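For the record, the sequence lines run as chains A and B.
Positions 0 to 265 (numbering that gives the first Met the number 0) are the ones given, in order, by the first sequence.
Positions 0 to 265 (numbering that gives the first Met the number 0) are the ones given, in order, by the second sequence.
Number of protein chains: 2
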Amino acid sequence: MRNFYAKALLFWNIFIREQGFELNIKAKNTIKEVSMACVLFGFHTYELKVLLLQWNENDCSLPMGRIHRMEPLADAASRVLMETTGIEDIFLQQFYTVSTNQNGKPTIQNSIAGLNVDKAKGQKFLNKLFQETMITIGYYGLIDFEKVVPNENGLYHWHKISSIPDLLFDNHDLIELALVALRKDLRYLPIAKLLPQKFTLREMQILYETILNRQFDRRNFHKLLMKYDFLIKLPEKKTGTANKSPHLYQIDFEKYEAALQDGISY
Amino acid sequence: MRNFYAKALLFWNIFIREQGFELNIKAKNTIKEVSMACVLFGFHTYELKVLLLQWNENDCSLPMGRIHRMEPLADAASRVLMETTGIEDIFLQQFYTVSTNQNGKPTIQNSIAGLNVDKAKGQKFLNKLFQETMITIGYYGLIDFEKVVPNENGLYHWHKISSIPDLLFDNHDLIELALVALRKDLRYLPIAKLLPQKFTLREMQILYETILNRQFDRRNFHKLLMKYDFLIKLPEKKTGTANKSPHLYQIDFEKYEAALQDGISY
DNA sequence: CTTTTAATGCGTAATTCTTACGCTAAGATA
DNA sequence: TATCTTAGCGTAAGAATTACGCATTAAAAG
């Protein structure tokens, strides 16, 4: 049974050679494993966070999974996130596709621990699998931190972007690439989806400052946002802090989406 | 022999099931064909052009090919372009990954015509192949139009971006996505690589106007470029046009790359 | 050979956008 | 009640963008 993978590959090769597709279709070199990884961003206590899966006490990864046949990529991203975390209906955006080779090869200990499989067989499988290049398509997502209710099994957690633990595969690179894409696409992204429903202007300002890694003048930032007309000032104020109570605001998402069409400049 | 593909898939499935990877690794649903497509942009007679392969009198596609195992994606993009067109050492940038399903399924007539294969077998192969989703990673490239010497077999040609013929697979979408990415990344892209070594400011202006689809004031555009200091004014002038001879310019690529680091705004 | 045409190259003025910062108000704390 | 800190509104200086005037020049037209 342990040679099934090799046999499958052999049959495939023979078939392809028989067909004479030697010019352009060298199938023995082209079977790939394609997976999807989701970099889900949240914002809490004035810091940007990323949602990571905790496979066991040591091993952590982004929410990842295979892509099904006939499945549109955007659907795969939603499904993978749903299957691994239960999170649904959120903003997801493709940012980059990477290929992982041996460098990212997981060992049996950290890749399938927790799953009920034969470890020796599993390691052989993984060795075969990672002789190939694995291609991973990255999507990033934006979600209100408070909407992610901690999993009862402790399967997933928020991690500060400044202190990400060791991750499986090339997940570190993916997070870095997602951040670069996030900054680049900022003009057209619904960044406000990272905020709770009601928020203060200061919270929004710090969100932007965190993502862009630069400071804004409080008064100018206020003016800037107001000219776009998508903020609804609520009668309520946020109390409890040691200063003047700031107004709470809400997003008019219809106007917000319209403004994002043209881009919002900061 | 015609069932080899199915057999290979069957063996694969049995192997995977035996391993018990049923939670996350549903291999029967996940074998993919991954290919690379290059959208190569050129600029000539004041129009943006795309390089397309002419497989036969009817069939056209972007330069495409499979990705090899263990091959970094950027290398695959260069290789595919080299193998299909002979073009080397040019600026390439990943822009998006798409999945194609039955919609883009080619028929035997238009997909492998010209290759020396058994057409009946080939069609069966293609049918099997396109029962799966094919994933295509898109890279765009920028090249000086004049550097692409027409292929003696007539295998590839420049096409105006405004009149692309019918293309195989979802190549139309890819070209559209490449254009969107090109516009979005403009600040940081070496757009000047689309121009010949010596060019007039007007040519450069029309290049930008074409890509951005908006007009610039001639005098302001001139000022804008001059402040970046990467243009070298040559003693020569371009003659032959029915007006005052404009100066020819050249790019100081060292200064140009430096300016692109910070981004050039238009 | 002279005039006309069309585009170049340099300059300035008007306008808009961005940035800097002053001042008062208000809630919590000492 | 005084103090501290941040909110909220406003103005002014400076930078960047935009609009456009005008002499110049090579080719084409007459």
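Built from N, CA and C at the ideal position, the CB exists for glycine as well.
Keep in mind the model is a prediction, meaning the values are calculated, not measured.
Apart from the five residues just before and just after leucine 224 (chain B), which ones in its own chain have a Cβ nearer than 8 Å to its Cβ?
As a position in the second sequence, residue 224 (chain B) is number 225, starting the count at 1. Contacts found: Leu200, Met203, Leu230.
So if DSSP puts valine 33 (chain A) in a beta bridge, which residue, or which two residues, is it bridged to?
Your numbering for residue 33 (chain A) matches position 34 in the first sequence. Secondary-structure assignment with DSSP links valine 33 (chain A) through a beta bridge to A:Ile134.
On the DSSP letters alone, give me the boundaries of the alpha helix (DSSP H) that threonine 83 (chain A) sits inside.
Locating residue 83 (chain A) in the first sequence gives position 84, counting from the first residue. Its alpha helix (DSSP H) spans residues 72-84.
Under 8 Å by Cβ, that's how I've got tyrosine 45 (chain B) and isoleucine 160 (chain B) pegged, so tell me the actual separation to the nearest angstrom.
Stepping through the second sequence from its first residue, residue 45 (chain B) is reached at position 46. Stepping through the second sequence from its first residue, residue 160 (chain B) is reached at position 161. Incorrect: roughly 12 Å between the Cβ atoms, too far for contact.
Using a C-beta to C-beta distance shorter than 7 Å, which residues of chain A count as neighbours of serine 98 (chain B)?
Residue mapping note: residue 98 (chain B) aligns to position 99 of the second sequence, counting from 1. Among the residues of chain A, those whose CB is under 7 Å from the CB of serine 98 (chain B) are Pro71, Leu72, following chain order.
Between the stretch 250-258 of chain A and the stretch 215-222 of chain A, are three or more C-beta pairs nearer than 8 Å?
The way I'd put it, the stretch 250-258 of chain A doesn't touch the stretch 215-222 of chain A; fewer than three beta-carbon pairs between them come closer than 8 Å.
Would you tell me roughly how many angstroms separate the C-alpha atoms of leucine 47 (chain A) and isoleucine 89 (chain A), rounded to the nearest one?
Here the question's residue 47 (chain A) lines up with position 48 in the first sequence. Here the question's residue 89 (chain A) lines up with position 90 in the first sequence. The alpha-carbon atoms of leucine 47 (chain A) and isoleucine 89 (chain A) are separated by roughly 17 Å.
Assign serine 98 (chain B) to one of two classes, buried (16 or more other C-beta atoms within 10 Å of its C-beta) or exposed (fewer than that).
Indexing the second sequence from 1 puts residue 98 (chain B) at position 99. The residue in question, serine 98 (chain B), is buried, as its Cβ has 16 or more Cβ neighbours within 10 Å.
Pick helix, strand or coil for valine 97 (chain A), following the three-state DSSP scheme.
The residue you call residue 97 (chain A) lines up with position 98 of the first sequence. Note: valine 97 (chain A) maps to strand in three-state DSSP.
To which residues of the same chain is histidine 171 (chain A) closer than 7 Å at the C-beta, ignoring the five residues directly before and after it?
Position 172 of the first sequence, counted from the first residue, corresponds to residue 171 (chain A). Once the five neighbours on either side are set aside, the close Cβ partners of histidine 171 (chain A) are Ile163.
Assuming phenylalanine 144 (chain A) and serine 60 (chain A) form a contact by the criterion Cβ under 8 Å, report the distance between their Cβ atoms to the nearest whole angstrom.
Numbered from 1 along the first sequence, position 145 holds the residue referred to as residue 144 (chain A). Numbered from 1 along the first sequence, position 61 holds the residue referred to as residue 60 (chain A). With 8 Å as the limit, phenylalanine 144 (chain A) and serine 60 (chain A) do not qualify as a contact, their Cβ atoms being about 20 Å apart.
For proline 234 (chain A), does the count of other Cβ atoms within 10 angstroms reach 16, so buried, or fall short, so exposed?
Counted from its first residue, the first sequence places residue 234 (chain A) at position 235. The residue in question, proline 234 (chain A), is exposed, as its Cβ has fewer than 16 Cβ neighbours within 10 Å.
Same chain only: Cβ atoms within 7 Å of arginine 182 (chain A), ignoring 5 sequence neighbours per side
Taking the first residue of the first sequence as 1, we reach residue 182 (chain A) at position 183. These residues qualify, in order along the chain: Ile210, Leu211.
Test: valine 33 (chain A) CB closer than 8 Å to a CB of chain B
The sequence position of residue 33 (chain A) within the first sequence is 34, counting from 1. Judged by the 8 Å Cβ criterion, valine 33 (chain A) is in contact with chain B.
When you compare each of A:Val79, A:His158, A:Leu52, A:Leu188 to glycine 41 (chain A) by their alpha carbons, which one comes out closest?
In the first sequence, the residue the question calls residue 41 (chain A) occupies position 42. It is A:His158.
Between the stretch 166-197 of chain A and chain B, which residues of the former have a C-beta closer than 7 Å to a C-beta of the latter?
none
I want to see whether chain B comes within less than 8 Å of tyrosine 155 (chain A), judged by CB atoms only; does it?
In the first sequence, counting from the first residue as 1, residue 155 (chain A) sits at position 156. It does not; no Cβ of chain B falls within 8 Å.
Does the contact criterion of 3 or more C-beta pairs under 8 Å hold for the stretch 191-199 of chain B versus the stretch 244-251 of chain B?
Taking a contact to require three or more Cβ pairs closer than 8 Å, the stretch 191-199 of chain B and the stretch 244-251 of chain B qualify as touching.
Ends of the alpha helix (DSSP H) at histidine 246 (chain B)?
Numbered from its first residue, the second sequence carries residue 246 (chain B) at position 247. For histidine 246 (chain B), there is no enclosing alpha helix (DSSP H); the enclosing beta strand (DSSP E) covers residues 246-250.
CA-to-CA distance, valine 33 (chain A) to arginine 78 (chain A), given in whole angstroms
Looking up residue 78 (chain A) in the first sequence gives position 79. Looking up residue 33 (chain A) in the first sequence gives position 34. Roughly 15 Å separates the two Cα atoms.
Would you mind stating whether glutamine 214 (chain B) and tyrosine 139 (chain B) have Cβ atoms separated by less than 8 Å?
As a working mapping, residue 214 (chain B) is identified with position 215 in the second sequence. As a working mapping, residue 139 (chain B) is identified with position 140 in the second sequence. Cβ atoms of glutamine 214 (chain B) and tyrosine 139 (chain B): not closer than 8 Å.
If I'm right that leucine 173 (chain B) touches alanine 36 (chain B) with Cβ under 8 Å, what's the distance once you round it to whole angstroms?
Position 174 of the second sequence, counted from the start, is the residue given in the question as residue 173 (chain B). Position 37 of the second sequence, counted from the start, is the residue given in the question as residue 36 (chain B). The pair is a contact, with the Cβ atoms about 6 Å apart (cut-off 8 Å).
Extract the residue ranges of the beta strand (DSSP E) inside the stretch 131-197 of chain B, only unbroken runs of 3 or more that lie entirely within it.
Qualifying beta strand (DSSP E) stretches, in chain order: 133-141, 155-159.
Extent of the continuous beta strand (DSSP E) to which glutamate 202 (chain B) belongs
By 1-based counting over the second sequence, the position of residue 202 (chain B) is 203. Careful: glutamate 202 (chain B) lies outside any beta strand (DSSP E), inside the alpha helix (DSSP H) at 200-211.
Work out the CA separation of valine 179 (chain B) and proline 189 (chain A) for me, nearest whole Å.
Residue 189 (chain A) sits at position 190 when you count from the first residue of the first sequence. Residue 179 (chain B) sits at position 180 when you count from the first residue of the second sequence. Each residue's Cα considered, the two are about 19 Å apart.
So, is the C-beta of tyrosine 95 (chain A) closer than 8 Å to a C-beta in chain B?
Position 96 of the first sequence holds residue 95 (chain A). For tyrosine 95 (chain A), the answer is yes, since a Cβ of chain B falls inside 8 Å of its Cβ.
Taking just the CA atoms, how far does lysine 192 (chain B) sit from tyrosine 227 (chain B)?
Numbered from its first residue, the second sequence carries residue 227 (chain B) at position 228. Numbered from its first residue, the second sequence carries residue 192 (chain B) at position 193. Near 17 Å, if we compare the C-alpha coordinates of lysine 192 (chain B) and tyrosine 227 (chain B).
Can you list, in chain order, the residues of its chain with a C-beta nearer than 6 Å to that of leucine 166 (chain B)? Leave out the 5 residues immediately preceding and following it.
Counting from one through the second sequence, the residue named residue 166 (chain B) turns up at place 167. Contacts found: Cys59, Ser60.
I want to verify the contact list: residues of chain A whose CB lies under 9 Å from the CB of isoleucine 134 (chain B), in sequence order.
Numbered from 1 along the second sequence, position 135 holds the residue referred to as residue 134 (chain B). Lys31, Val33, Ile66, Leu72, Thr96, Ile134, Ile136, listed in chain order.
Can you grab the Cα-Cα spacing for the pair valine 38 (chain A) / glycine 64 (chain A), in whole Å?
Within the first sequence, numbered from 1, the residue matching residue 38 (chain A) stands at position 39. Within the first sequence, numbered from 1, the residue matching residue 64 (chain A) stands at position 65. Looking at the two C-alpha atoms, the distance is approximately 13 Å.
How long is the line joining the alpha carbons of leucine 80 (chain A) and proline 62 (chain A), rounded to whole angstroms?
By one-based count along the first sequence, residue 80 (chain A) stands at place 81. By one-based count along the first sequence, residue 62 (chain A) stands at place 63. So the alpha carbons of these two residues sit roughly 6 Å apart.
To the nearest whole angstrom, what separates the beta carbons of glycine 137 (chain B) and alanine 73 (chain B), a pair I think is in contact under 8 Å?
Taking the first residue of the second sequence as 1, we reach residue 137 (chain B) at position 138. Taking the first residue of the second sequence as 1, we reach residue 73 (chain B) at position 74. That belief does not hold up - the Cβ atoms of glycine 137 (chain B) and alanine 73 (chain B) are roughly 13 Å apart, past 8 Å.
Could you check if valine 148 (chain B) is buried or exposed, using at least 16 other CB atoms within 10 Å of its CB as the buried criterion?
Translated into positions along the second sequence, residue 148 (chain B) becomes position 149. Exposed is the call here.
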